[in-house]
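Colleague: Have a look at this one.
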Amino acid sequence: MVPDAVARPTSPAEVAEVMREAAAARTPVTPAGAQTSTTAASITDRGVLLSLAGMSRLVDVDRARRTVRAEAGALLGDVKRAAAAEGMLLAPDPTSEDWSTVGGAVACNASGARSLRYGATRPHVVALSLVTARGETMELRRPGLEKNTAGYAFAQDPVDWFVGSEGTLGVVTEVELGLLPLPGRVTGLAFPFRREADALAFVVAARASRVLRPRCLEFFDERALAIARDAGGDAAWAAGAAALVYAEDCDDAPGADDDPPLDEWLALAERHGAVADDVRVYDDDAAIREARRVRHAVPATMNERGALRRAHGGRKVSTDWAVPYARLAEALAEARSAADRHGVEQAVTYGHAGNGHPHQNFIAHDAAELERIEHVVGETLTAVIALGGTVAAEHGVGKLKRRWLPLQLGPVQLGAMRALKRELDPDGILAPGNVFS
Ligand SMILES: Cc1cc2nc3c(=O)[nH]c(=O)nc-3n(C[C@H](O)[C@H](O)[C@H](O)COP(=O)(O)OP(=O)(O)OC[C@H]3O[C@@H](n4cnc5c(N)ncnc54)[C@H](O)[C@@H]3O)c2cc1C
317 MVPDAVARPT
327 SPAEVAEVMR
337 EAAAARTPVT
347 PAGAQTSTTA
357 ASITDRGVLL
367 SLAGMSRLVD
377 VDRARRTVRA
387 EAGALLGDVK
397 RAAAAEGMLL
407 APDPTSEDWS
417 TVGGAVACNA
427 SGARSLRYGA
437 TRPHVVALSL
447 VTARGETMEL
457 RRPGLEKNTA
467 GYAFAQDPVD
477 WFVGSEGTLG
487 VVTEVELGLL
497 PLPGRVTGLA
507 FPFRREADAL
517 AFVVAARASR
527 VLRPRCLEFF
537 DERALAIARD
547 AGGDAAWAAG
557 AAALVYAEDC
567 DDAPGADDDP
577 PLDEWLALAE
587 RHGAVADDVR
597 VYDDDAAIRE
607 ARRVRHAVPA
617 TMNERGALRR
627 AHGGRKVSTD
637 WAVPYARLAE
647 ALAEARSAAD
657 RHGVEQAVTY
667 GHAGNGHPHQ
677 NFIAHDAAEL
687 ERIEHVVGET
697 LTAVIALGGT
707 VAAEHGVGKL
717 KRRWLPLQLG
727 PVQLGAMRAL
737 KRELDPDGIL
747 APGNVFS
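End of the sequence shown = 753 in this note's numbering, gap-free, step of one.
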């Protein structure tokens with residue numbers, strides 16, 4: 317997809333000028349950060365691509381107020397490191413944090429493994445500077461009220477309109493994010509299981525525990541585990557395992573150096589049939605970084621496999637659905653029987669089981685298989701919604717997944733979204749094709 321023009325403003329005033337000109341000529345404008353969206357949200361073949369890459373300044377880290385301000389094009393990883401240098405944690409942790417922007421994180425409400433403890437980007441957004449579709453600048457700050465009965469809930473805090481709006485409601489030029497103290501102690505633990513059902517039951521039990529303090533509970537099915545073993549250079553590890561759960565136990569108290577509750581973790585794992593001899597403990601930063609690298613090798617490997625099929629009309633198809641975490645085993649059973657029904661090779665399944673949010677990666681070898689996989693995804697999403705789930709839990713819907721929205725949102729909800737869009741962008745020039753068709 318190639319736009320008609322690219323604008324690279326270096327200040328909010330220049331963004332406003334681009335938007336005023338676009339509004340006058342009714343030219344579509346698609347904001348873009350680092351363009352890592354997996355849903356085609358930041359690419360377009362219509363009008364202007366508005367790149368925020370030239371606005372990447374870190375404005376300040378305020379230790380007293382525990383906030384960081386940065387221009388929208390700053391890389392999330394850089395902003396996190398600046399906060400960490402001051403002893404504070406910027407919590408959102410998408411896998412792509414080193415190559416994606418804070419504006420993109422806000423626009424997609426990005427999340428990651430540790431969102432189990434800290435939530436997605438939304439709760440960390442304190443204030444936003446924006447430029448509207450008409451080219452007006454706007455400063456929004458969360459009200460900070462503890463009680464409020466004035467008007468409908470959705471109108472009480474407009475910051476929330478823009479978080480997750482995928483470029484369709486306004487252009488974010490600057491972001492103020494809340495910071496937490498850096499955790500005192502983090503311990504990584506990997507638990508292999510012979511049966512996948514046991515691994516998933518273990519995740520549910522770990523969430524229910526009053527002693528354990530997981531900040532992430534990540535799941536690998538047998539196929540994902542095989543990729544992770546390769547990436548870790550350790551083909552023999554947990555050879556008989558059909559699934560793995562990676563947890564990080566963490567004490568958020570600054571400076572905490574208490575011992576992790578290892579006995580409790582091991583007892584729970586053994587009660588759920590974990591392969592006790594193959595349990596691994598990662599107890600320093602370097603070891604935890606290595607565990608994270610191995611986890612990230614799964615999507616990276618699947619991207620490579622998908623890219624190899626492009627010449628044949630195939631590609632990787634990645635799902636992003638979630639269900640209430642206790643229903644994940646049911647949802648995966650539905651997904652797998654849909655794949656069997658359509659004669660599709662089972663997906664590599666991994667990810668945020670603690671949030672009921674796996675990623676399923678299929679490889680379509682050619683165009684015919686791609687079509688069959690789309691049927692599998694459609695049937696899975698219908699089952700997911702019946703289980704109380706969502707069609708998109710992390711990457712937004714952009715252009716590629718917007719057709720699934722009506723499975724989840726009824727006409728009144730979609731109508732309310734359209735009304736807000738019309739109010740803020742009456743000519744529909746912002747990010748056309750994202751969210752709405
Ligand atoms: C390998 C890989 C791993 C990933 N892992 C994760 C993950 O773990 N968790 C996760 O949540 N996502 C993940 N993603 C998806 C993506 O990286 C995130 O959604 C990221 O936050 C997008 O940031 P970006 O700067 O690349 O935004 P872009 O891709 O440039 O834009 C994404 C959307 O945001 C809008 N937008 C961007 N900047 C602005 C702005 N300043 N104002 C208004 N709208 C704007 C765009 O119009 C578009 O709709 C991954 C992607 C890849 C390729």
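We put the CB at the ideal spot given by N, CA and C, even for glycine.
Nothing here was measured: the structure is a model prediction, and the numbers come from that model.
In terms of residues, what are the limits of the alpha helix (DSSP H) holding Q351?
Modeller: For the purposes of this step, residue 351 is taken as the residue at position 35 of the sequence shown. Q351 -> no alpha helix (DSSP H), and no H or E assigned at all.
Colleague: I'd like the list of long-range same chain contacts for A400, defined as Cβ closer than 7 Å, with 5 residues on each side in sequence excluded.
Modeller: Residue 400 sits at position 84 when you count from the first residue of the sequence shown. Same-chain partners within the cutoff: L498.
Colleague: Helix, strand or coil: which one does DSSP assign to A390?
Modeller: For the purposes of this step, residue 390 is taken as residue 74 along the sequence shown, with counting starting at 1. Of the three classes helix, strand and coil, the one that applies to A390 here is coil, per DSSP.
Colleague: Tell me whether R655, by its Cβ, gets closer than 7 Å to a heavy atom of ligand 1.
Modeller: Numbered from its first residue, the sequence shown carries residue 655 at position 339. Going by the sequence as given, residue 655 is Ala instead of Arg. No, Cβ of A655 sits at least 7 Å from all heavy atoms of ligand 1.
Colleague: Should P319 be counted as a contact of ligand 1 given a C-beta to heavy atom distance under 7 Å?
Modeller: Along the sequence shown, one-based indexing puts residue 319 at 3. Every heavy atom of ligand 1 is 7 Å or more from the Cβ of P319, so no.
Colleague: Do S525 and ligand 1 come close, with the Cβ less than 7 Å from some heavy atom?
Modeller: Walking along the sequence shown from the start, residue 525 turns up at place 209. S525 Cβ: outside cutoff for every heavy atom of ligand 1.
Colleague: Would you grab the beta carbon distance between A669 and F535 for me? Rounded to a whole angstrom, and I think it's under 8 Å.
Modeller: Walking along the sequence shown from the start, residue 669 turns up at place 353. Walking along the sequence shown from the start, residue 535 turns up at place 219. That belief holds up - the Cβ atoms of A669 and F535 are roughly 4 Å apart, short of 8 Å.
Colleague: Of the choices V693, A436 and A386, whose alpha-carbon is the least far from that of A663?
Modeller: For the purposes of this step, residue 663 is taken as the residue at position 347 of the sequence shown. The shortest Cα separation from A663 among V693, A436 and A386 belongs to V693.
Colleague: Going residue by residue through the region 363-410, where are the continuous alpha helix (DSSP H) segments of at least 4 residues, counting only ones entirely within it?
Modeller: If we require 4 residues or more, the alpha helix (DSSP H) runs fully inside the region 363-410 come out as 392-401.
Colleague: Let me check understanding here. Comparing Cα to Cα, which of A708, E620 and A380 lies closest to A680?
Modeller: The residue you call residue 680 lines up with position 364 of the sequence shown. The shortest Cα separation from A680 among A708, E620 and A380 belongs to E620.
Colleague: Quick check on DSSP: helix, strand or coil for M317?
Modeller: The residue you call residue 317 lines up with position 1 of the sequence shown. In the structure shown, M317 sits in coil (DSSP, three-state: anything other than H, G, I, E or B).
Colleague: Does at least one heavy atom of ligand 1 sit under 7 Å from the Cβ of C424?
Modeller: Position 108 of the sequence shown, counted from the first residue, corresponds to residue 424. Yes, the beta carbon of C424 sits closer than 7 Å to at least one heavy atom of ligand 1.
Colleague: Ends of the beta strand (DSSP E) at Q676?
Modeller: By 1-based counting over the sequence shown, the position of residue 676 is 360. Counting along the chain, the beta strand (DSSP E) containing Q676 begins and ends at H673 to A680.
Colleague: Could you check whether the region 454-468 touches the region 350-363, counting it as contact only if at least three pairs of C-beta atoms, one from each stretch, sit closer than 8 Å?
Modeller: Touching, no.
Colleague: From this set, A607, A515, L505 and S412, which residue's C-alpha is nearest H588's C-alpha?
Modeller: The sequence position of residue 588 within the sequence shown is 272, counting from 1. With distances taken between Cα atoms, H588 lies closest to A515.
Colleague: With a cut-off of 8 Å, do at least 3 Cβ pairs link the region 671-678 to the region 633-640?
Modeller: These segments touch.
Colleague: Among R643, S653 and Y666, which residue has its Cα nearest to the Cα of D701?
Modeller: Counted from its first residue, the sequence shown places residue 701 at position 385. Checking the sequence, you will find Ile at residue 701 rather than Asp. It is R643.
Colleague: Rounded to a whole number of angstroms, what is the C-alpha to C-alpha distance between G630 and P727?
Modeller: What you label residue 630 is simply residue 314 of the sequence shown in a count that begins at 1. What you label residue 727 is simply residue 411 of the sequence shown in a count that begins at 1. Spanning the two alpha carbons is a distance of roughly 34 Å.
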